[in-house]
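Accompanying notes for the structure given below.
In this note's numbering, the protein residues as written are -8 to 311.
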């Protein structure tokens, strides 16, 4: 069991993301996972820094902390050759501490390059081609590729690490789970769904199983729920909606009926260790073994102290 900290880049300034990663290492977290978006989800979110610059800075300022993207779409806004190069470089400068989390993306950030937004089946086929290109380039040879959606012409990644990064593939259903099993080294999900793991394993999947645990550390339960509502009220929409809405204004409109009470049910809100453990156990019990704590609260340093002194020791004791 590894416990990580989610760097929510859409709501946190670039230098603060780096500072929080350093503090996460000091607090005893095993890894950090950073979102990779061009646009934030909601109008209240005032940030969306370039994830790969943040990762490089974190790698330079930490020693043991593992790094991951959670997740990158390597097939629309980025060409997979660029992600193959970026991931290889990040693995080198972090001394082997990087994991490449990838997924099929959301319209919110991918449509910006004017390439349109494919329907879901085409998105999965594009992702398959992207994975094939990345794997091909990581052989260290000059490669060309001609797929249905993606092309590569006489490309080579010259700087490759001794140990290649693991590729963890995001999946929300059986089709993506099969792709993750075939071409990935692990699984990434956002719901505590044991059936997803079962589908992935039936398709031959093995390796780390990543997920994100929704928490909101705060002086009391209501304050935590209000903070979660401000930052994450888009979450209850579900991935079929999250993947399709075009901009923060649309997400704002779509979330008008989401209540603070809805967030209170989904998140571990407040300072009660037992409630945080209860929500965490939903994910661990479902079979996920790399869990990033996604704190929606207003006091990150208080959360780090809470994790170091109370929550972290409790979670690790329960896992032993």
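A virtual CB, placed ideally from N, CA and C, is assigned to each residue, including glycine.
All values derive from a computational prediction rather than experimental measurement.
Could you tell me the distance, in whole angstroms, from the CA atom of residue i to the CA atom of residue j?
i           : j           : result
residue 278 : residue 188 : 7 Å
residue 73  : residue 193 : 32 Å
residue 137 : residue 113 : 16 Å
residue 55  : residue 90  : 14 Å
residue 313 : residue 295 : Shown here, the chain extends from -8 to 311; a query on residue 313 therefore has no answer.
residue 94  : residue 156 : 16 Å
residue 121 : residue 71  : 5 Å
residue 238 : residue 251 : 22 Å
residue 111 : residue 118 : 11 Å
residue 205 : residue 133 : 43 Å
residue 270 : residue 177 : 23 Å
residue 60  : residue 247 : 29 Å
residue 24  : residue 139 : 31 Å
residue 221 : residue 212 : 14 Å
residue 57  : residue 88  : 5 Å
residue 173 : residue 185 : 19 Å
residue 266 : residue 45  : 32 Å
residue 181 : residue 131 : 33 Å
Which of the three DSSP states, helix, strand or coil, is assigned to residue i?
i           : result
residue 34  : coil
residue 173 : helix
residue 200 : strand
residue 300 : helix
residue 267 : helix
residue 286 : strand
residue 48  : helix
I'd like the list of long-range same chain contacts for residue i, defined as Cβ closer than 7 Å, with 5 residues on each side in sequence excluded.
i           : result
residue 100 : 28, 29, 30, 68
residue 53  : 12, 13, 16
residue 33  : 225, 239, 242, 243
residue 150 : 79, 80, 83
Which partner residues does residue i have in the DSSP bridge list?
i           : result
residue 312 : In the structure as shown, the chain starts at -8 and stops at 311, and residue 312 therefore has no counterpart that could be examined.
residue 63  : 93
residue 306 : Bridge partners of residue 306: none, in fact.
residue 158 : 91
residue 179 : 161, 201
residue 259 : 206
residue 281 : -7, 201
What does a CB cutoff of less than 6 Å around residue i pick up in its chain, not counting 5 residues either side in sequence?
i           : result
residue 201 : 159, 179, 281
residue 257 : 205
residue 298 : 18
residue 283 : -5, -3, 24, 203
residue 400 : Nothing in the structure corresponds to residue 400, since the chain is present only between -8 and 311.
Going by the C-beta, is residue i closer than 7 Å to any heavy atom of the ligand FAD?
i           : result
residue 288 : Looking at this structure, you won't find the ligand FAD or any other ligand, since it has none at all.
Using C-beta distances below 8 Å, list every residue in its chain close to residue i, excluding the 5 sequence neighbours before and after it, in chain order.
i           : result
residue 291 : 11, 14
Contiguous beta strand (DSSP E) assignments of at least 3 residues, all confined to the region 86 to 151:
Listed in chain order, the complete beta strand (DSSP E) runs (minimum 3 residues) inside the region 86 to 151 are 89 to 93, 134 to 137, 142 to 146.
Any beta strand (DSSP E) of 3 or more consecutive residues that is wholly inside the region 192 to 244
200 to 207
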